[in-house]
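Residue numbers (my numbering), protein chains in the order written: chain A, 1 to 198; chain B, 1001 to 1266.
Quick reminder that beta carbons are idealized off the backbone N, C-alpha and C, glycines included.
Just so it is clear, the structure is predicted and the values come from calculations on it, not from any experiment.
Heads up: the structure comes next, in structure tokens.
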Amino acid sequence: MTHYKIVFSGPVGAGKTTAIASISDIPPITTETRPTDETKDVKATTTIAMDYGVLRLDGPERIHLYGTPGQDRFDFMRYILAEKAIGVVLLMTNTRPTPLADLNEFVGAFRAIIDETALAVGVTGMDLRRTFSLDDYRQVLARVGIIAPVFEIDARRRSDVALLVQALLLSIDPGIASEMSPPGAGPDTVRRAAHDYW
Amino acid sequence: MDGRRVNRTELSTPPEDAGTSPPAPYQWPSAAASTPTPTPARGEAAIAVRRYDPARFLQGLVASAWRQAEERGQAVHIQGPWPMIAVYPNSSAAVVYGGEGGLRPYAGIEDLPLRATLAFSRAPQYAINHPDMVPLDVLLWKLALSASRGRLPLDMSLGTPCALREWPNFTRLVVTPGAMSVAALWVQRPSTLSQTIDLLHLPAEDVFVFYSAAAALDLVRPDLPSQPTPLRSSAPSSAPLSPPPAVAPTPRRHLLRKLFNKLRAG
């Protein structure tokens, strides 16, 4: 059996555990506990080692989905989990006090693996706090020479998380969707004949 | 949120402060004044190209009103036979009174709005959680898709290299067939429309409709030199320009394709 992995990372409360649960074929395995530090003001439980989910493909392959702990004191886990990953999904949240600094920090932490593979950024909480726009996040990436998909997402919605991961895969190889199936056949497309975009 | 339940009947007319400047008729471009169709690029004859003029659709009207309002630092109310549209450039938002679905019958019709007027407002009333609020990029994207319907804007040549400034926010936009593949390609390297069609094996109309929507949001940079080398390839830059090379597969293409298909299938 062949195993591959995608890493989900980001600060506390960005929705990593929820995002993995949204697309995993199994109920995610989490290592959550009640926080005793400042995290307790943000959420009732927090990941201390990792979250784990899996996508089963046709044939023997499995895609493992790993979520890293958000707290800085567990940052050593990020590097362990990211080793030999297909790509990195960073989840940021507009509800944090300094989300742009968060993004800068996490991009720096994963820069080596991002340069080898690909990056996709999902921003949660934009409906709750509009302080920063997607352009603000894109500019953080541009300052370090990265153009990556940056999408507004609701981590509870499978379609949002699935689109974000699809964009990650296309960033690695834009040709993967060609000759795959008749255009318009997927649920992410509109009906061609009707041109109904509404 | 102002907490007030909105009476949509009341909202069918502009708020009182809408007429800071008197409503002015919008001058629609005539067919004779339209930009001429560009000279066909190499290989264009082999591709069926249907064209349209964005300025002669609701797309062009909203885009023009948006630009004017932005320059004035004001909001603008767009009136015509369709549901009234209020555009708030500073908030990157619009309100389509009665819901954006009300624009559907008008968005794909050329030269429909014979009596369109724009009314600019210095002090727009704007509730951030208005039930009929829609992000401007989402509205303009849909209007462009409906106007294009697989056609190419008049002033765009198949031989002009395209690059994207950034990825569109696909989780909140209508994702047309092949749109994400084209976005990924154009972010990585400039490609002409002809090359894009060949490299990604997409129907021309899928590429054209995506180009139309991305251009409407000013996401396309048409000013870059083309580098038609295979993706992930070590081919020298002096490789011949035509025919365009195939997209060189990454070592994991088979795996990535299966994963993509699974996520796509839901």
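Straight-line Cα distance separating residue j from residue i
i, j, result
"ARG1172/B", "GLU152/A", "7 Å"
"ALA1183/B", "ARG129/A", "28 Å"
"PRO1168/B", "ALA155/A", "18 Å"
"GLY122/A", "ARG1072/B", "34 Å"
"ARG1149/B", "ALA1046/B", "20 Å"
"GLY10/A", "MET92/A", "6 Å"
"THR131/A", "GLY125/A", "10 Å"
"MET1133/B", "SER1092/B", "10 Å"
"VAL1078/B", "GLN166/A", "According to the sequence as given, residue 1078/B is Ile; it is not Val. Each residue's Cα considered, the two are about 37 Å apart."
"THR17/A", "THR68/A", "9 Å"
"ARG1115/B", "LEU1061/B", "12 Å"
"LEU1202/B", "LEU1058/B", "28 Å"
"TYR4/A", "ILE86/A", "7 Å"
"ASP58/A", "LYS1258/B", "7 Å"
"ALA1065/B", "ALA1055/B", "11 Å"
"ALA162/A", "ALA19/A", "9 Å"
"VAL1220/B", "ASP173/A", "20 Å"
"ARG1051/B", "ILE1109/B", "14 Å"
"ALA1069/B", "ILE147/A", "30 Å"
"ILE6/A", "VAL12/A", "19 Å"
"SER1157/B", "ALA1063/B", "21 Å"
Partners in chain A for residue i, counting only beta-carbon separations shorter than 9 Å
i, result
"GLN1188/B", "ILE147, SER171, PRO174"
"ARG1104/B", "ASP196, TYR197, TRP198"
"SER1121/B", "Per Cβ cutoff of 9 Å: no residues; SER1121/B is ~22 Å from chain A at best."
Start-to-end residues for the alpha helix (DSSP H) that takes in residue i
i, result
"GLY108/A", "99-109"
"GLN1195/B", "1193-1200"
"PRO1105/B", "1104-1107"
Boundaries of the beta strand (DSSP E) in which residue i is found, first to last residue
i, result
"TYR66/A", "62-67"
"GLY122/A", "119-124"
"ILE20/A", "Element bounds for ILE20/A: not the beta strand (DSSP E) but the alpha helix (DSSP H), 16-23."
"MET1133/B", "1133-1135"
"LEU90/A", "87-93"
"LYS5/A", "3-9"
"ILE1085/B", "1085-1088"
Neighbour list for residue i in chain B, Cβ cutoff strictly below 9 Å
i, result
"LEU55/A", "LEU1259, LYS1262, LEU1263"
"LEU91/A", "Near LEU91/A there are no residues of chain B at all, since even the closest Cβ is about 13 Å away, more than 9 Å."
"ALA155/A", "Within 9 Å Cβ-Cβ: nothing; ALA155/A doesn't reach chain B, min ~11 Å."
8 Å Cβ cut-off: residues of chain A touching residue i
i, result
"SER1167/B", "Per the sequence shown, residue 1167/B should be read as Trp rather than Ser. Under the 8 Å cutoff, chain A gives ILE147, ALA148, PRO149, VAL150, PHE151, ALA167."
"ALA1094/B", "None at all; the shortest Cβ gap to chain A is about 15 Å."
Contact list for residue i against chain A, beta-carbon separation under 7 Å
i, result
"THR1250/B", "ILE172, ASP173"
Under 8 Å from the C-beta of residue i: neighbouring residues of chain B
i, result
"ASP245/A", "This structure does not reach residue 245/A, given that chain A is present from 1 up to 198, and the question cannot be answered."
Residues that residue i contacts on chain B, provided the C-beta gap is smaller than 7 Å
i, result
"TYR4/A", "LEU1255"
Inter-stretch contact (C-beta, 8 Å, three-pair minimum) for the stretch 1183-1191 of chain B and the stretch 127-139 of chain A: no
With 9 Å as the C-beta to C-beta threshold (strictly closer), list the residues of the stretch 1062-1087 of chain B near chain A in chain order. none
Members of the stretch 1168-1179 of chain B near chain A, C-beta cut-off 7 Å: ASN1169, PHE1170, THR1171, ARG1172, VAL1174, VAL1175, THR1176, PRO1177, GLY1178
Across the stretch 1132-1141 of chain B and the stretch 1149-1166 of chain B, are there enough close Cβ pairs to call them in contact, namely three or more that are closer than 8 Å? no
Which of the residues in the stretch 1190-1206 of chain B, read from start to end, lie with their CB under 9 Å from any CB of chain A? LEU1199, LEU1200, HIS1201, LEU1202, PRO1203, GLU1205, ASP1206
Interfacial residues, the stretch 13-30 of chain A to chain B, with Cβ spacing under 8 Å: The stretch 13-30 of chain A vs chain B, Cβ under 8 Å: ILE23.
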